[in-house]
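*Asks:* Here it is: the structure, laid out below.
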Amino acid sequence: MSKSILKEAFEVESMYGAFYTGGDIHWTIDGKYIFCQKCGVISVLSVDTGTVIQSLGETEEEQDEDTIHCFAVSDDNLHILAHCKSSLFKLWSWKENKLIKIWKSIHKGPVVKISFLNSKNLMASGGSDGSIRLWNLQHHTCMCNIKGIQGVISVLAFHPDTKKELLFGAGDDTKIHGWDINTGQEKILLSGHFSKVTSLCFHHNGINLISSGRDRVLILWDISSATTVRVLPVYEGIEGAFIVPNNISFPNCPHGTKTDSIYIASGGEKGIVNIWEMNSGRKCYAQQNSLVSAAKEEGGLSIMHLLYNQVINSFAVVSVDHNIIIHSMNTFECTKQIVGYTDEILDIAYVGNEDSHIALASNSSDIKLYELNSMNCQLLSGHTDIVLSLATTPANRQLLISSAKDNSIRIWFMDKETTKMTCIASAVRHTASVGSVIISQLSAKFFASVSQDSCLKLWSLPENMAAASEQIVVNATHTVLAHQKDINSVTISPNDKFIATGSQDKAAKLWSADDLQLLGVFNGHRRGVWCVRFSPIDQVLLTTSADCTIKIWSLSDLSCLKTLQGHESSVLRAEFMSRGMQLITAGADGLLKLWCIKTSECICTLDKHENRVWALGVSKDEKHVISGGSDSLLVIWRDVTEEKKNQMAAEKERIILEEQKLANLLQANELSTALQIALELERPLQVLRIVEGILKGESNELKKTIHEMTPSCKEALLRCAVTWNTNSKNAEAAQTVIHVLTSEMEIEDLQTTGLLSSLEGMIPYTERHFKRLTRLMQDLHLLTYTVNRMKPHITLNGTDNIRNVT
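Per UniProt numbering, the sequence shown starts with residue 1, numbered consecutively.
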């Protein structure tokens with residue numbers, strides 16, 4: 001980092017927002033893409049990169065108005081069909097991002113399930129009105145309306161064997177119905193579940209069907225006889241299941257499944273995936289490495305979807321927190337973690353050597369650890385309630401401390417080789433939510449925490465924690481009742497000698513880092529203090545407050561040195577930059593502001609967030625700033641100060657060379673070439689003088705010059721002419737140029753460039769010039785008439801005078 005260059009500009013390098021907010025989710029056959037539902041948009045997610053490559057749906061202004069109720073992918077993975085709030089079906093060709101067809105659904109309420117049968121060009125839609133409709137996709141017409149289910153449709157699927165020509169569905173009556181797709185008559189009725197049916201899995205033999213439900217059972221059916229083969233209790237509500245294909249191995253079954261056995265994988269409220277053998281009713285394997293937390297209460301939700309992809313032999317677990325976790329079927333090892341919706345981002349911290357990772361605290365008990373190069377996510381589970389604060393230290397970037405609403409603090413350590421982070425210690429001594437933590441800056445030997453219990457605690461970090469075989473319990477060395485209200489922030493000075501706290505009681509306090517002795521109180525804010533930070537160079541303390549101000553205090557006499565004003569709402573976070581000469585702040589208005597402390601001026605304002613910015617992180621080299629807020633948007637900003645300066649210097653040099661070239665051309669009287677350069681330099685007055693010079697020459701010279709111009713130069717010349725036309729002195733040149741240009745340029749060119757509005761604004765001035773010239777011509781004609789009428793009298797009077805003299 002350069003010590004002398006101050007930051008002046010930041011630009012967005014990348015943005016990561018929500019792409020899955022719940023609802024349907026589908027996996028392509030080749031395993032490369034996952035389609036996710038996000039309000040009025042369907043996100044196409046690349047599994048390899050973990051990023052959204054395109055979005056299908058309406059414009060941003062219309063997303064909220066036309067929310068997608070459900071969607072499905074065709075069997076050939078070429079088309080996506082969605083039902084929207086507007087009661088319309090929308091069919092896309094997703095690879096071309098093209099909307100092919102829109103038609104009315106006819107259902108009385110929302111459509112909740114859609115199923116394709118491409119071989120017969122059929123689609124079935126199940127609504128909340130209990131009706132199922134069969135559609136001919138070639139003509140987009142409804143073939144028949146199937147009734148018989150009571151309540152909302154929960155599952156809907158065609159039998160994969162097209163020869164059977166069967167459609168299966170279930171609703172609130174918990175019975176599984178099978179209809180003939182040609183006549184719409186009910187052929188099969190399977191009764192056995194006592195709660196909502198969540199999935200239907202067809203075996204490749206065409207005879208067996210396995211259904212799962214929230215009544216905690218898996219049922220193996222014989223379709224041919226419509227009888228129950230086995231009811232298997234699984235002791236948890238099941239949300240998703242799939243049949244494991246034959247000859248596919250999994251843990252405890254290394255040589256592949258037997259041909260006469262039926263294996264099914266299921267997932268539900270316990271958050272783990274189990275594999276069952278349905279004929280014998282035994283559990284073959286239970287997942288040991290689940291990253292999904294179990295439901296907090298009985299009957300709650302944990303795993304929402306369970307998807308299997310045979311091409312890459314992997315399965316994806318979709319959690320209630322909108323996390324997509326992909327596992328290898330053979331080993332059950334996690335190969336990819338993708339976060340679809342982070343909710344409200346509360347804190348950010350850089351982790352790892354060279355700031356290779358960022359840790360994210362959101363409205364979740366899991367910490368999300370992203371690798372910045374690939375944005376692959378590792379979920380750190382351990383806390384039992386929402387994580388509120390994260391902290392790292394320059395002394396050891398592999399160390400991370402987190403605090404949460406579960407009143408606990410956890411210490412995490414990253415392995416250098418694998419970059420996997422594990423919890424190595426915990427601390428539970430606070431009696432309320434721990435809102436902020438901070439690690440010592442020089443040695444990483446201690447840390448401090450503050451809580452809603454109004455206490456400030458000092459903790460000692462044990463040595464060689466990473467080498468410990470078991471998780472260590474850390475105890476507090478000092479405790480003090482620090483404030484009268486909730487404490488929002490805590491920080492440690494760069495020399496590890498002082499601790500500062502900021503509270504809702506409008507005060508900030510200075511403490512000794514040795515024994516938590518109170519050294520001073522900073523009073524001056526009119527509302528609660530949100531953030532406190534020590535300068536890396538000077539003996540000053542920075543505080544931000546809900547009174548929209550930022551204050552800088554002297555540590556020696558506790559006086560306020562500066563008050564920075566510019567935010568129009570609470571200032572939630574702040575960080576020093578440029579060796580303490582600058583600071584960047586984040587507000588509840590969604591704005592980030594960069595300040596120069598010496599001049600107390602705001603250098604630039606960064607605007608991308610729509611709501612409160614709770615989290616702010618600055619990389620070690622200060623080339624990047626990361627912000628996150630309540631809009632679930634993570635923005636990575638890049639310092640472009642040097643780039644901007646280099647661009648400005650290059651542009652300045654270019655302009656000087658062009659000006660010299662223009663002067664040489666004018667000296668040589670090469671007006672046609674000079675006109676183009678003057679237009680590029682945006683010199684309207686000089687362009688006018690050149691045009692006047694061209695008009696003094698040959699009559700066709702201007703037309704020839706304009707004809708050879710580029711379209712951009714023609715547009716610039718037309719805008720100049722419109723400006724000249726406002727002054728009567730330049731009206732002749734302006735009207736000549738406009739006449740030539742309008743004959744040269746097509747009407748389509750004028751419409752696409754937006755020049756029609758400029759021409760419309762020119763009309764009143766042109767009419768005024770026309771009236772002025774008309775009056776001038778009338779006056780000239782009157783003068784000519786008067787002179788001509790006076791000539792005979794002048795001649796006659798002259799003759800009489802000569803006669804008199806004679």
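Cβ coordinates follow ideal geometry from the N, Cα and C atoms, glycine included.
If you're wondering where the values come from, they're calculated on a predicted model, not measured in any experiment.
(1) Who are the near neighbours of D538 in its chain, counting only those whose CB is closer than 8 Å to its CB and skipping five residues on each side?
(2) Going along the chain, which residues of its own chain have a beta-carbon closer than 8 Å to the beta-carbon of S74, five neighbours each way excluded?
(3) Where L685 and A678 are concerned, what is the direct C-alpha to C-alpha distance, given to the nearest angstrom?
(4) Whole-angstrom Cβ separation of A574 and V613, contact assumed at under 8 Å?
(5) May I have a chain-ordered list of the beta strand (DSSP E) segments no shorter than 3 residues that lie completely inside the stretch 508-595?
(6) Start and end of the beta strand (DSSP E) containing G126?
(7) If you drop the 5 nearest sequence neighbours on each side, which residues of the same chain put their C-beta closer than 7 Å to that of S261?
(8) Report, in whole angstroms, the separation of the C-beta atoms of S374 and G50, which I expect to be a contact under 8 Å.
(9) Do the CB positions of F168 and G178 come within less than 8 Å of each other?
(10) Pick from S627, P764, W724, R689: whose alpha carbon is nearest that of G17?
(11) Would you list the one or two residues that DSSP bridges to W412?
(12) Exposed or buried, which one is V155 when buried takes at least 16 other CB atoms within 10 Å?
(13) Mind checking whether I303 and S328 have CB atoms under 8 Å apart?
(14) Could you give the uninterrupted runs of the beta strand (DSSP E) lying entirely in the stretch 425-490, keeping only those of 3 residues or more?
(15) Is the CB-CB distance between D173 and Q150 below 8 Å?
(16) Taking only the alpha-carbon atoms, compute the straight-line gap between Q337 and V152 and give it to the nearest angstrom.
(17) Looking at C-beta atoms only, is the number of pairs between the stretch 638-657 and the stretch 15-35 that lie closer than 8 Å three or more?
(18) What does a CB cutoff of less than 6 Å around D161 pick up in its chain, not counting 5 residues either side in sequence?
(19) Verify whether the separation of the beta carbon atoms of T501 and S489 is less than 8 Å.
(20) Per the DSSP calculation, residue 807 is bridged to which residue(s)?
(21) If you count every other CB in all the chains shown that lies within 10 Å of the CB of M762, and 16 or more means buried, which is it?
(22) Taking the alpha-carbon positions, what's the Q441 to W459 distance?
(23) What number of angstroms, rounded off, separates the C-alpha of E60 from the C-alpha of D589?
(24) Helix, strand or coil for residue 835? Go by DSSP, reduced to three states.
(25) CA-CA distance, A513 and K283?
(26) Should V521 be labelled buried (16 or more other beta-carbon atoms within 10 Å of its own) or exposed?
(27) Between P251 and the rest of its own chain, which residues show a CB-CB distance below 6 Å, the 5 nearest in sequence each way excluded?
(28) Between the C-alpha atoms of N788 and R772, what's the straight-line distance to the nearest angstrom?
(29) Cutting at 8 Å between CB atoms, please list the residues of its own chain near E11, excluding the five before and the five after it.
(30) Which value, in whole angstroms, describes the spacing of the CA atoms of I552 and T563?
(31) Report the three-state DSSP secondary structure of I738 (helix, strand or coil).
(32) Using a Cβ-Cβ cutoff of less than 7 Å, which residues in the same chain neighbour S556 once the five nearest sequence positions on both sides are dropped?
(33) Could you name the residues that DSSP lists as bridge partners for W724?
(34) Can you tell me whether V687 is helix, strand or coil according to DSSP?
(35) Under a three-way DSSP split, which group does L301 fall into?
(36) Do the stretch 470-488 and the stretch 502-512 touch if we need at least three Cβ pairs shorter than 8 Å?
*Replies:* Per the coordinate set shown:
(1) By the criterion of a C-beta distance shorter than 8 Å, D538 is surrounded in its chain by G580, once the five residues flanking it on both sides are discounted.
(2) The beta carbon of S74 sits closer than 8 Å to the beta carbons of I80, L81, F116, N118 from its chain, once the five residues preceding and following it are set aside; these are given in chain order.
(3) Linking L685 to A678 through their CA atoms gives a straight-line distance of about 9 Å.
(4) No, A574 and V613 are not in contact; Cβ-Cβ is about 11 Å, not under 8 Å.
(5) As far as the stretch 508-595 is concerned, its whole beta strand (DSSP E) runs of at least 3 residues are 518-523, 529-534, 540-545, 549-554, 560-565, 571-577, 582-587.
(6) It spans 122-127 - the beta strand (DSSP E) in which G126 sits, taken as one unbroken run.
(7) Taken in chain order, the residues that qualify are E277, N279.
(8) Yes, S374 and G50 are in contact; Cβ-Cβ is about 7 Å, under 8 Å.
(9) A distance below 8 Å separates the beta carbons of F168 and G178.
(10) When each option's Cα is compared against that of G17, the closest is S627.
(11) Bridge partners of W412: L400, C423.
(12) By the neighbour-count rule (16 or more Cβ atoms within 10 Å), V155 is buried.
(13) The answer is no: Cβ separation not under 8 Å.
(14) With a minimum length of 3 residues, the continuous beta strand (DSSP E) runs that stay inside the stretch 425-490 are 434-439, 446-451, 455-460, 476-481.
(15) Contact flag set, yes.
(16) Cα-Cα distance, rounded: 33 Å.
(17) A contact between stretches requires three or more CB pairs, one per stretch, nearer than 8 Å, and the stretch 638-657 fails this requirement with the stretch 15-35.
(18) Same-chain partners within the cutoff: G206.
(19) Yes; because the gap between Cβ atoms is below 8 Å, this pair is in contact.
(20) A query on residue 807 cannot be resolved here, the shown segment of the chain reaching from 1 to 806 and no further.
(21) By the 10 Å Cβ count, M762 comes out buried.
(22) Distance between the alpha carbons of Q441 and W459: 14 Å.
(23) For E60, the pLDDT reaches just 43, beneath the cut-off of 50, and the residue's location in the model is therefore unreliable, although a value from the coordinates is still provided. Near 21 Å, if we compare the C-alpha coordinates of D589 and E60.
(24) Here the chain covers residues 1 to 806 and nothing more, so residue 835 does not appear.
(25) Taking the CA atoms as reference points, A513 sits about 56 Å from K283.
(26) Its Cβ having fewer than 16 others within 10 Å, V521 is exposed.
(27) Exclusion of the five residues before and after P251 leaves Y285, F332 as the residues of its chain whose Cβ lies within less than 6 Å of its Cβ.
(28) If I take the Cα positions, the gap works out to 24 Å.
(29) If you ignore the 5 residues before and after E11, its C-beta comes within less than 8 Å of the C-beta of W637, R638, V640, all in its own chain and listed in chain order.
(30) Answer to the nearest angstrom: the Cα atoms are 7 Å apart.
(31) Reduced to three states, the DSSP call for I738 is helix.
(32) The answer, listed in chain order, is Q539.
(33) Its beta-bridge partners do not exist; DSSP assigns none.
(34) For V687, the secondary structure class from DSSP, reduced to helix, strand or coil, is helix.
(35) Here L301 sits in coil by DSSP.
(36) For the pair of segments examined, the stretch 470-488 was found to touch the stretch 502-512: the number of CB pairs separated by less than 8 Å reaches three.
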